[in-house]
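The listed protein sequences correspond, in order, to chains A and B.
According to UniProt numbering, the first sequence holds residues 1 to 496 in order.
According to UniProt numbering, the second sequence holds residues 1 to 496 in order.
In what follows, a single structure is set out as structure tokens and then discussed.
There are 2 protein chains.
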Amino acid sequence: MSSNSKNNLQWSFYLVLLLMFYSTCVYAREFNIPRLGAFQGKKVFQQHKNVEVDAESISISDDFQTFFYPQTLDHFNYQPQSYATFQQKFVISFKYWGGANASAPILAYLGEEAPLAYETPLYYKSFFNDLAIQFNALQVLIEHRFYGDSIPYGSSSEAAKNASLRGYFSSAQAIADYAEVLQHVKKNLSAETSPVIVVGGSYGGMLASWFRLKYPHIAFGALASSAPILYFDDIVPENKGYYSVVTKDFREESESCYETIRKSWSEIDKVGSEQNGLSILSQRFNSCSPLNNTSELKDFLDTIYTASAQYDDPIFNPVNLVCGGINGASYGNDTLSRIYAGVVALFGSQYCLPLPRCTEMVMPIGIDINDTMFPPHPFNLTSFTEVCMRRYGVPPRPHWVTTYFGGHDIMLILERFGSNIIFSNGLKDPYSCGGVLENISATLLAIYTEKGSHCLDLHKPDSKDPEWLVSQRKKEIRIIRGWFAKYYAQLQESKH
Amino acid sequence: MSSNSKNNLQWSFYLVLLLMFYSTCVYAREFNIPRLGAFQGKKVFQQHKNVEVDAESISISDDFQTFFYPQTLDHFNYQPQSYATFQQKFVISFKYWGGANASAPILAYLGEEAPLAYETPLYYKSFFNDLAIQFNALQVLIEHRFYGDSIPYGSSSEAAKNASLRGYFSSAQAIADYAEVLQHVKKNLSAETSPVIVVGGSYGGMLASWFRLKYPHIAFGALASSAPILYFDDIVPENKGYYSVVTKDFREESESCYETIRKSWSEIDKVGSEQNGLSILSQRFNSCSPLNNTSELKDFLDTIYTASAQYDDPIFNPVNLVCGGINGASYGNDTLSRIYAGVVALFGSQYCLPLPRCTEMVMPIGIDINDTMFPPHPFNLTSFTEVCMRRYGVPPRPHWVTTYFGGHDIMLILERFGSNIIFSNGLKDPYSCGGVLENISATLLAIYTEKGSHCLDLHKPDSKDPEWLVSQRKKEIRIIRGWFAKYYAQLQESKH
Numbered sequence: 001m002s003s004n005s006k007n008n009l010q011w012s013f014y015l016v017l018l019l020m021f022y023s024t025c026v027y028a029r030e031f032n033i034p035r036l037g038a039f040q041g042k043k044v045f046q047q048h049k050n051v052e053v054d055a056e057s058i059s060i061s062d063d064f065q066t067f068f069y070p071q072t073l074d075h076f077n078y079q080p081q082s083y084a085t086f087q088q089k090f091v092i093s094f095k096y097w098g099g100a101n102a103s104a105p106i107l108a109y110l111g112e113e114a115p116l117a118y119e120t121p122l123y124y125k126s127f128f129n130d131l132a133i134q135f136n137a138l139q140v141l142i143e144h145r146f147y148g149d150s151i152p153y154g155s156s157s158e159a160a161k162n163a164s165l166r167g168y169f170s171s172a173q174a175i176a177d178y179a180e181v182l183q184h185v186k187k188n189l190s191a192e193t194s195p196v197i198v199v200g201g202s203y204g205g206m207l208a209s210w211f212r213l214k215y216p217h218i219a220f221g222a223l224a225s226s227a228p229i230l231y232f233d234d235i236v237p238e239n240k241g242y243y244s245v246v247t248k249d250f251r252e253e254s255e256s257c258y259e260t261i262r263k264s265w266s267e268i269d270k271v272g273s274e275q276n277g278l279s280i281l282s283q284r285f286n287s288c289s290p291l292n293n294t295s296e297l298k299d300f301l302d303t304i305y306t307a308s309a310q311y312d313d314p315i316f317n318p319v320n321l322v323c324g325g326i327n328g329a330s331y332g333n334d335t336l337s338r339i340y341a342g343v344v345a346l347f348g349s350q351y352c353l354p355l356p357r358c359t360e361m362v363m364p365i366g367i368d369i370n371d372t373m374f375p376p377h378p379f380n381l382t383s384f385t386e387v388c389m390r391r392y393g394v395p396p397r398p399h400w401v402t403t404y405f406g407g408h409d410i411m412l413i414l415e416r417f418g419s420n421i422i423f424s425n426g427l428k429d430p431y432s433c434g435g436v437l438e439n440i441s442a443t444l445l446a447i448y449t450e451k452g453s454h455c456l457d458l459h460k461p462d463s464k465d466p467e468w469l470v471s472q473r474k475k476e477i478r479i480i481r482g483w484f485a486k487y488y489a490q491l492q493e494s495k496h
Numbered sequence: 001m002s003s004n005s006k007n008n009l010q011w012s013f014y015l016v017l018l019l020m021f022y023s024t025c026v027y028a029r030e031f032n033i034p035r036l037g038a039f040q041g042k043k044v045f046q047q048h049k050n051v052e053v054d055a056e057s058i059s060i061s062d063d064f065q066t067f068f069y070p071q072t073l074d075h076f077n078y079q080p081q082s083y084a085t086f087q088q089k090f091v092i093s094f095k096y097w098g099g100a101n102a103s104a105p106i107l108a109y110l111g112e113e114a115p116l117a118y119e120t121p122l123y124y125k126s127f128f129n130d131l132a133i134q135f136n137a138l139q140v141l142i143e144h145r146f147y148g149d150s151i152p153y154g155s156s157s158e159a160a161k162n163a164s165l166r167g168y169f170s171s172a173q174a175i176a177d178y179a180e181v182l183q184h185v186k187k188n189l190s191a192e193t194s195p196v197i198v199v200g201g202s203y204g205g206m207l208a209s210w211f212r213l214k215y216p217h218i219a220f221g222a223l224a225s226s227a228p229i230l231y232f233d234d235i236v237p238e239n240k241g242y243y244s245v246v247t248k249d250f251r252e253e254s255e256s257c258y259e260t261i262r263k264s265w266s267e268i269d270k271v272g273s274e275q276n277g278l279s280i281l282s283q284r285f286n287s288c289s290p291l292n293n294t295s296e297l298k299d300f301l302d303t304i305y306t307a308s309a310q311y312d313d314p315i316f317n318p319v320n321l322v323c324g325g326i327n328g329a330s331y332g333n334d335t336l337s338r339i340y341a342g343v344v345a346l347f348g349s350q351y352c353l354p355l356p357r358c359t360e361m362v363m364p365i366g367i368d369i370n371d372t373m374f375p376p377h378p379f380n381l382t383s384f385t386e387v388c389m390r391r392y393g394v395p396p397r398p399h400w401v402t403t404y405f406g407g408h409d410i411m412l413i414l415e416r417f418g419s420n421i422i423f424s425n426g427l428k429d430p431y432s433c434g435g436v437l438e439n440i441s442a443t444l445l446a447i448y449t450e451k452g453s454h455c456l457d458l459h460k461p462d463s464k465d466p467e468w469l470v471s472q473r474k475k476e477i478r479i480i481r482g483w484f485a486k487y488y489a490q491l492q493e494s495k496h
């Protein structure tokens, strides 16, 4: 496989992840319309499938042994049904581990909203693997409850139908799961004195930083990549939000590309309102089945732009690709032809969006003002709540994350509380607007790059990586080395 | 009311609390026998009752306004029933408050396993009140879920019958309740910049320290009095446990008293096994109805000794009283007459023990060795579990507290994590064996007294208090003042 096709493949995989993250965690615009079900991203899906039988992937997975832990369904209550257990999957690689006798470290990858699959680029042969080599660490990767093979009572469709069961799908339960699994692993390996560093990206990065804050007795430190822990309640001003960053990314790439996108929305509406307008749009954008309304197309394009900005990998560079297509105009000079060329430049096929989660991860992502290239679409908690009630019969809890995990006045609060967390970010990533971008204390550190994208530091290091990315990773290693140095000194002292 | 009778009354009240705490939280010996239901502590109960109509108490309560907050039944799950609410009681006194504009502090008393009643000596006109005067603080006192007026769906008997409802009775839910109430209070009073210090004693002290660790964004600091947060799992060695401290307290008071108690157990068994032995014991110990077995008497005496040690107030001094009775022998020179004289010296009536809680608060209190004055009775998790299953249909979770809140290696873990907690203890208190007795860091501080008892520092300061107690309270005030000084300096800075 050429390096370019691997990059392409990798990026495509992130798009899939993004679509999941976008929808399960943060999609906050109106979604009471069919979510682009007409589009089927066959090509990307097939590429994705191929990895499973890719010889290299299999050899990677060979380093890992798969285990299952009988996980408690409900950690926080004591009802008879709370005691039910489900099999939670985790995998371990002993390959680089220095062993329990040496108190060699444990690196724990905290799964996000995705199955723990062998092809997931954030896990295997990624920076996580390099960290294990650096520190002679055991690698433990744990699957998030309700994903992959870790679904209570069988299939996810079963779980989705059962409102009572679905109710155990929460971040507090998820990190309590990780606590139990890590204690179990440490105990079974007699590795009680091995310091644990938890690692995660995006939603998984939030879990990693929250895990360090809530379970400091289990995780000694955290590397939280692109974790928008401040993107809740009213912490991020609306005009510094997700869509403002996406717009900035495109405008910095190309002013004319930005302008074309900005005017495309009204053009789509105009054509769509004409006679046969929807079938014209269906044809021009090559949809698999006819569009029912213009929102289906606009939402799809919205996802293309936001995904490109979020995963603006410096090698594959999707924003550059999309704008190249738009500015190149190989399908015609008019606005819609340019927009279509942008989509084609990125990939020929598309994805449908799964349903959103309706409970605690309420990021108020909206477009309230005119400085973005998107049509206005303020976040509306009322309609968000209505959709949740209709779909799941429960309302969201928009303030629970800040109640349980905090976020407001984080500088004041954490300056004298907590330690050993790296908040890494790339400012091209629109979620960086909700990330921690300032050092809070001497050990709660913000390491960001101007040109980085979502979770970029966690990717597998590549010889073509720009200097700033290499340097970001080096900084992270240096910081973690410093934590370990203190830990082992103190451990030594406590033995005397 | 004379100061002496007040002290007597106060102490009696602690005994009631102890009996509750003892049974709901920590009673870990076999309890599949009737828990002294024959004894009715009428005298103590009546004294206790009298306080409710005591003029002074009413005037104290006049400073407080009562409120109810619609509390979330289940903070951690998203089942339809999780959203049910119950009315949680809290009371506020504005009397000493400097106000929101001055960012004047909020002192929050986190209720323990007891109703928030006006006569509770830990709350009103206690050291908590003095702290409010010291710091011009708002006083907020919050009742624990499932106690007093804060019982989901009405009465406690209703709640006890319903296994599903009873399952929401957990410490994680309780501190999440406090988080919501405190956020609600701060918001409603526009007191967002007022620092909150949480205060609690015994189980409430554990909640206070855990609250600071889990909710640092809501509580800026904690005063945790007599909080045995380390009395879980295997953290405290069995020969340094609760009963060893009780024994030490009695032995230090009087070697002969200790000897009499030590040999009394076999004497009780001997008499009990004789013909008419049980009725002889019933008569000699003046039980309200006939004893069914000697365990009923032995368990009662066990409670008398442990309560006396735990609440060994330096003014009332129950260990001294009991030993005075035992050594004085006004009812006869033999062992049993001496023991009875000890009980009479303390009070003429007795209490029955309510049922134990069977979930997370599993303190492995047992008597494994011969260096105590009690008969051997090792802690047995298996039989503890059996009783829980029989009584409530659910097993305990003996490792959950250390999983969720930590405890093992606390010095290593918290030295570089967390801040602003005072762990106060008195070493006469048998629970001090599970308390934090060493400074962990510059702001996680252990303030203990050699002669202090359970929660003694939180009591209302009295002109007869010994110097060491006065000095302990002064230290606590000085430390909290230091926290505030830093907070206000930083707040000021953040405004510029």
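Cβ coordinates follow ideal geometry from the N, Cα and C atoms, glycine included.
Note that the structure is a prediction, hence the values are computed from the model and not measured.
- Listed along the chain, the chain A residues whose CB falls inside 7 Å of the CB of residue 82 of chain B are 167.
- Burial is judged here by how many other beta carbons sit within 10 angstroms of a residue's own beta carbon; residue 181 of chain B has at least 16 and is buried.
- Within the stretch 404-417 of chain B, 404, 405, 406, 407, 408, 409, 410, 411, 412, 413, 414, 415, 416, 417 place their CB atoms closer than 9 Å to a CB of chain A, listed in sequence order.
- A straight-line Cα-Cα distance of about 21 Å links residue 463 of chain A and residue 225 of chain A.
- Residue 236 of chain A and residue 127 of chain B have their C-alpha atoms some 41 Å from each other.
- If you draw a straight line from the Cα of residue 320 of chain B to the Cα of residue 253 of chain B, it comes to about 7 Å.
- Put simply, the stretch 261-272 of chain B touches the stretch 324-339 of chain B. At least three CB pairs are less than 8 Å apart.
- Along the stretch 210-228 of chain A, going in chain order, the ones with a CB nearer than 7 Å to a CB of chain B are 214, 216, 217.
- For a cut-off of 8 Å, the C-beta gap from residue 85 of chain B to residue 70 of chain B is around 4 Å, short enough to register as a contact.
- Under the 8 Å criterion on CB atoms, residue 334 of chain B is classed as non-interfacial with respect to chain A.
- Looking only at B:138, B:72, B:130, the smallest Cα-Cα distance to residue 474 of chain B is reached by B:130.
- A residue is called buried when at least 16 other Cβ atoms come within 10 angstroms of its Cβ; residue 481 of chain A does not meet this threshold and is exposed.
- Ranking B:109, B:68, B:189, B:240 by CA distance to the CA of residue 432 of chain B puts B:240 first.
- Relative to the Cα of residue 456 of chain A, the nearest Cα in the group A:202, A:486, A:238 belongs to A:202.
- Counting only Cβ-Cβ distances below 8 Å, residue 443 of chain A has contacts in chain B at 416, in chain order.
- Inclusion of residue 233 of chain B and residue 377 of chain B in the CB contact set at 8 Å is not warranted, their separation being larger than that value.
- A straight-line Cα-Cα distance of about 42 Å links residue 466 of chain B and residue 441 of chain A.
- Burial is judged here by how many other beta carbons sit within 10 angstroms of a residue's own beta carbon; residue 153 of chain A has fewer than 16 and is exposed.
- Residues of chain B with a Cβ closer than 8 Å to the Cβ of residue 179 of chain A are, in chain order, 403, 404.
- Within the same chain, Cβ atoms closer than 6 Å to the Cβ of residue 419 of chain A are found at 443, the five residues on either side in sequence being excluded.
- Cβ-Cβ distances below 7 Å link residue 204 of chain A to 110, 111, 112 in the same chain, with the five nearest sequence neighbours on each side left out; the list follows chain order.
- Spatial neighbours of residue 245 of chain A in its own chain (CB-CB distance under 6 Å, excluding positions within 5 residues in sequence) are listed in chain order as 430, 433.
- In chain A, no part has a C-beta under 7 Å from the C-beta of residue 194 of chain B; the shortest such distance is about 12 Å.
- With a 10 Å radius around the Cβ and a threshold of 16 neighbouring Cβ atoms, residue 496 of chain B comes out exposed.
- DSSP places residue 425 of chain A in the strand class (E or B) of the three-state scheme.
- Shown here for residue 471 of chain A: not one same chain residue has a beta carbon closer than 6 Å to its own, the five before and five after excluded.
- Close CB contacts of residue 362 of chain A within its chain, under the 6 Å cut and outside five residues either way in sequence, are with 396, 398 (chain order).
- Rounded to whole angstroms, the gap between the alpha carbons of residue 478 of chain B and residue 448 of chain B is 15 Å.
- For residue 317 of chain B, no chain A residue has a C-beta closer than 9 Å to its own C-beta; the minimum C-beta separation is roughly 39 Å.
- Chain A has no Cβ within less than 8 Å of the Cβ of residue 231 of chain B.
- With distances taken between CA atoms, residue 148 of chain B lies nearest to B:116 out of B:158, B:160, B:116, B:171.
- From the listed residues B:92, B:81, B:77, B:286, the smallest Cα separation to residue 67 of chain B is found for B:92.
- In this structure, residue 408 of chain B lies near residue 217 of chain A, with their beta-carbon atoms less than 8 Å apart.
- Going by DSSP, residue 243 of chain A is part of no beta strand (DSSP E) but of the alpha helix (DSSP H) stretching over 242-253.
- The C-beta of residue 485 of chain B has fewer than 16 other C-beta atoms within 10 Å across all chains shown, which makes the residue exposed.
- For residue 409 of chain A, the beta-bridge partners assigned by DSSP are A:407.
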